[in-house]
Amino acid sequence: MSEVISAAPAPPAVRLPAAVRGPKLFQGLAFAMARRWLMRRLVRKYGTTFTVNMPMYGRVVVVGEQQLAKQVFTTSPDELGNIQPNLSRMFGSGSVFGLDGEDHRRRRRLLAPPFHGKSMKNYETIIEEETLRETANWPEGRPFATLPSMMHITLNAILRAVFGADGAELDELRRILPPWVTLGSRLAAIPKPKWNYGRYSPWGRLAEWRRQYDLVVDKLIDAERADPDFADRTDVLALMLRSTYDDGSVMSRKDIGDELLTLLAAGHETTASTLGWAFERLSRHSEVMADLVEEVDSGGDELRQAAILEVQRVRTVIDFAARRVYPPVYQLGEWAIPQGDSIIVNIAHIHSDPDVFPDPDRFDPQRFIGGKPSAFAWIPFGGGTRRCVGAAFANMEMDVVLRTVLRQFTIETTTAPDEAWHGRGVAYTPKDGGRIVVHRRR
Ligand code: HEM
Numbered sequence: 009m010s011e012v013i014s015a016a017p018a019p020p021a022v023r024l025p026a027a028v029r030g031p032k033l034f035q036g037l038a039f040a041m042a043r044r045w046l047m048r049r050l051v052r053k054y055g056t057t058f059t060v061n062m063p064m065y066g067r068v069v070v071v072g073e074q075q076l077a078k079q080v081f082t083t084s085p086d087e088l089g090n091i092q093p094n095l096s097r098m099f100g101s102g103s104v105f106g107l108d109g110e111d112h113r114r115r116r117r118l119l120a121p122p123f124h125g126k127s128m129k130n131y132e133t134i135i136e137e138e139t140l141r142e143t144a145n146w147p148e149g150r151p152f153a154t155l156p157s158m159m160h161i162t163l164n165a166i167l168r169a170v171f172g173a174d175g176a177e178l179d180e181l182r183r184i185l186p187p188w189v190t191l192g193s194r195l196a197a198i199p200k201p202k203w204n205y206g207r208y209s210p211w212g213r214l215a216e217w218r219r220q221y222d223l224v225v226d227k228l229i230d231a232e233r234a235d236p237d238f239a240d241r242t243d244v245l246a247l248m249l250r251s252t253y254d255d256g257s258v259m260s261r262k263d264i265g266d267e268l269l270t271l272l273a274a275g276h277e278t279t280a281s282t283l284g285w286a287f288e289r290l291s292r293h294s295e296v297m298a299d300l301v302e303e304v305d306s307g308g309d310e311l312r313q314a315a316i317l318e319v320q321r322v323r324t325v326i327d328f329a330a331r332r333v334y335p336p337v338y339q340l341g342e343w344a345i346p347q348g349d350s351i352i353v354n355i356a357h358i359h360s361d362p363d364v365f366p367d368p369d370r371f372d373p374q375r376f377i378g379g380k381p382s383a384f385a386w387i388p389f390g391g392g393t394r395r396c397v398g399a400a401f402a403n404m405e406m407d408v409v410l411r412t413v414l415r416q417f418t419i420e421t422t423t424a425p426d427e428a429w430h431g432r433g434v435a436y437t438p439k440d441g442g443r444i445v446v447h448r449r450r
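Per our numbering, the sequence shown starts with residue 9, numbered consecutively.
Rendered as C-alpha cells:
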C-alpha cells in the first residue's frame, strides 16, 4: 500500500523592501550615532518602508506605516520574537528585555500587578512628595533646565516604588544609577568588545558599578526579608521575593538583580525626558499653558492628559520598537521576510503621519480631547506582548508632576526657537534640557 504524504505548502518567496545602499558599517555607525537623522533621511529617500543592513543586527526591515505596525504588534511572539542583541546586554540575562516565549510571558505576569492601572493611586503621593521636594529650590525669574530635576524626581519615584521605603541604601543607588544609565545608554548601541576590557574602559566601569549595585541590592533584599510585615508589603521587590512561578520555582537572586536594574533604568530616563519635552513644548504655547493653569485650578485633568499624549506624539523619546522573525518566512503586508531578519517599527515616523495627525508638526493637545488615540497610530510605548510594562506608571507620574508644578509655579511662555533633539543613546531629550523661567504662585 502506498503512503500518502501531504507536503507542507512551500513558504512564500522572500520579498524585501528597497535595500538602503551604502556600506554595512556606515549604516550601523549612523544608526548608533544619529538614529533619528538617519531614519528621516532614509524615509525621504526610500519611502516609509525599507531595508537596512547593520553589523550588530544584520538585515532589518524598517516599517513606518500604521497598518504594518499593527500587524507586527498583534503577531504571536512565537512568530515575531525578541530582537538580538537587546538591552539585556546591559541589564543581564535575567532582565525581561532578554526573555522570549514562555519565559517572557511568565515574567510579564509577575510584573503586571504593581504596574497595573489599579495600583497607580498608591504611588501618587510618593510622586507628589518627590516633586515638591525637588522643586522647592527652583530659582525664580531666571532660566534653568528642567531635565536634571525631572531625572531626580523619576529616579526617586521608581526607587521608592520598587523598594517600598527610603533609606541610606537608596542614597547609594542614587549615586550609582545616573552615571550607569548615561554610560549604559551610550554603549547599548555599539558592539561589546570580545576581548578582556580594562577596569577603566567604559565596559569595565559599567561592570564595577554593577558590582557595587549588587552589594546594595543584597543588603536591601536581606532587610526586606527581615521585615516583620514582609508578607503584607506591596513594593515590587517584595512581590518578586514572594512570587512563585506555576511550577513552584522562585526568581533567582541574579534574576531579581537584573530585573530591578531594568525597572530602575528603563523607568526613569524615558519619563524624565518626556517631562523635559513637556516643559519645552508648553512654554512655547501660551494658550495651552493658560488653559492648563485654569484647569489645574478647577481640579480638572482632561487637557493635561491630552497634552501628555501630544508631547509623546510630537516629541517621541523612544523612536523604535523591534522584533525578530522566527518562521522560515514571515509575511508582512506585501513583504515576505526571511527567518533571522529583524523588523523595526519606526514609531517616530508613524507619529508624524499627516493622514492620521493633520499638520503633524503642530503641537496641539486638542487633537486628543474627547477621544482616545488609535492604539496603533499613537505608540510611544510600543505594542503587543512586549508593550512597555511601565506605561500606566509613566502616565500617572507625568500627570502628577505637571499638576504639582502648575499648582506651585507660573511658567513664563517664550517665543524662543524650539529646542533641538539630543540623542542620549536610547532616549531623545531636549538639547538644552527643557529650559524654563518660573515664578512661585502666591
Ligand atoms: C514616558 C516613559 C516611557 C516610554 C516612552 C517608554 C517606552 C517603551 C518602549 C517603546 C518599549 C518597547 C516596547 C515594545 O517593544 O513594543 C518599552 C519597554 C519597556 N519599558 Fe518602557 N517606557 C517608559 C516608561 C517606563 C517605565 C516607567 C518603566 C518601569 C516602571 C518601563 C519599563 C519598561 C520595560 C521593563 C520594558 C520591556 C518590556 C518587555 O520587553 O516586555 N518603561 N518602554
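Note that CB positions come from ideal geometry on N, CA and C, so glycine has one too.
It should be emphasised that the depicted structure is a prediction, and the values quoted were computed from it without experimental measurement.
Length of the line joining the Cα atoms of residue i and residue j
{"i": "residue 9", "j": "residue 106", "result": "The predicted model places residue 9 with a pLDDT of 45, which falls under 50 and marks its position as unreliable, so this point remains unresolved."}
{"i": "residue 425", "j": "residue 443", "result": "12 angstroms"}
{"i": "residue 324", "j": "residue 356", "result": "6 angstroms"}
{"i": "residue 233", "j": "residue 170", "result": "15 angstroms"}
{"i": "residue 430", "j": "residue 436", "result": "5 angstroms"}
{"i": "residue 385", "j": "residue 74", "result": "6 angstroms"}
{"i": "residue 176", "j": "residue 221", "result": "13 angstroms"}
{"i": "residue 415", "j": "residue 141", "result": "14 angstroms"}
{"i": "residue 110", "j": "residue 239", "result": "28 angstroms"}
{"i": "residue 455", "j": "residue 236", "result": "The requested residue 455 does not occur in the structure, where the chain is confined to residues 9 to 450."}
{"i": "residue 370", "j": "residue 318", "result": "10 angstroms"}
{"i": "residue 96", "j": "residue 57", "result": "27 angstroms"}
{"i": "residue 404", "j": "residue 31", "result": "44 angstroms"}
{"i": "residue 284", "j": "residue 17", "result": "53 angstroms"}
{"i": "residue 365", "j": "residue 316", "result": "16 angstroms"}
{"i": "residue 27", "j": "residue 383", "result": "29 angstroms"}
{"i": "residue 226", "j": "residue 213", "result": "20 angstroms"}
{"i": "residue 535", "j": "residue 136", "result": "Outside the displayed range of the chain (9 to 450) lies residue 535, so it cannot be described from this structure."}
{"i": "residue 289", "j": "residue 441", "result": "12 angstroms"}
{"i": "residue 339", "j": "residue 20", "result": "8 angstroms"}
{"i": "residue 311", "j": "residue 303", "result": "7 angstroms"}
{"i": "residue 81", "j": "residue 113", "result": "15 angstroms"}
{"i": "residue 72", "j": "residue 117", "result": "30 angstroms"}
{"i": "residue 146", "j": "residue 326", "result": "28 angstroms"}
{"i": "residue 151", "j": "residue 398", "result": "31 angstroms"}
{"i": "residue 256", "j": "residue 262", "result": "18 angstroms"}
{"i": "residue 445", "j": "residue 297", "result": "13 angstroms"}
{"i": "residue 24", "j": "residue 127", "result": "44 angstroms"}
Closer than 8 angstroms: residue i CB and nearest the ligand HEM heavy atom
{"i": "residue 124", "result": "no"}
{"i": "residue 399", "result": "yes"}
{"i": "residue 394", "result": "yes"}
{"i": "residue 66", "result": "no"}
{"i": "residue 308", "result": "no"}
{"i": "residue 320", "result": "yes"}
{"i": "residue 362", "result": "no"}
{"i": "residue 173", "result": "no"}
{"i": "residue 288", "result": "no"}
{"i": "residue 275", "result": "yes"}
{"i": "residue 402", "result": "yes"}
{"i": "residue 388", "result": "yes"}
{"i": "residue 376", "result": "no"}
{"i": "residue 139", "result": "no"}
{"i": "residue 405", "result": "yes"}
{"i": "residue 391", "result": "yes"}
{"i": "residue 81", "result": "yes"}
{"i": "residue 22", "result": "no"}
{"i": "residue 49", "result": "no"}
{"i": "residue 28", "result": "no"}
{"i": "residue 358", "result": "no"}
{"i": "residue 112", "result": "yes"}
{"i": "residue 70", "result": "no"}
{"i": "residue 325", "result": "yes"}
Assumed close pair residue i, residue j - CB separation to whole angstroms, cut-off 8 angstroms
{"i": "residue 447", "j": "residue 418", "result": "5 angstroms"}
{"i": "residue 22", "j": "residue 344", "result": "5 angstroms"}
{"i": "residue 249", "j": "residue 229", "result": "7 angstroms"}
{"i": "residue 124", "j": "residue 402", "result": "Rounded, the Cβ-Cβ distance is 13 angstroms, inconsistent with contact."}
{"i": "residue 358", "j": "residue 387", "result": "6 angstroms"}
{"i": "residue 69", "j": "residue 351", "result": "5 angstroms"}
{"i": "residue 168", "j": "residue 174", "result": "6 angstroms"}
{"i": "residue 77", "j": "residue 353", "result": "5 angstroms"}
Runs of beta strand (DSSP E) wholly within the segment 72–124 (minimum 3 residues, chain order):
88–90
Can you check the segment 183–264 for any alpha helix (DSSP H) of at least 4 residues that lies completely inside it and give the ranges in chain order?
210–234, 244–250
Which ranges does the alpha helix (DSSP H) cover as unbroken runs of at least 4 residues, wholly within the segment 332–376, from first to last along the chain?
355–358
Whole runs of the beta strand (DSSP E) within the segment 385–425, excluding any shorter than 3 residues:
417–419
Extract the residue ranges of the alpha helix (DSSP H) inside the segment 22–55, only unbroken runs of 4 or more that lie entirely within it.
32–41, 43–54
Hey, which unbroken runs of the alpha helix (DSSP H) at 4 residues or more fall wholly within the segment 282–309?
294–305
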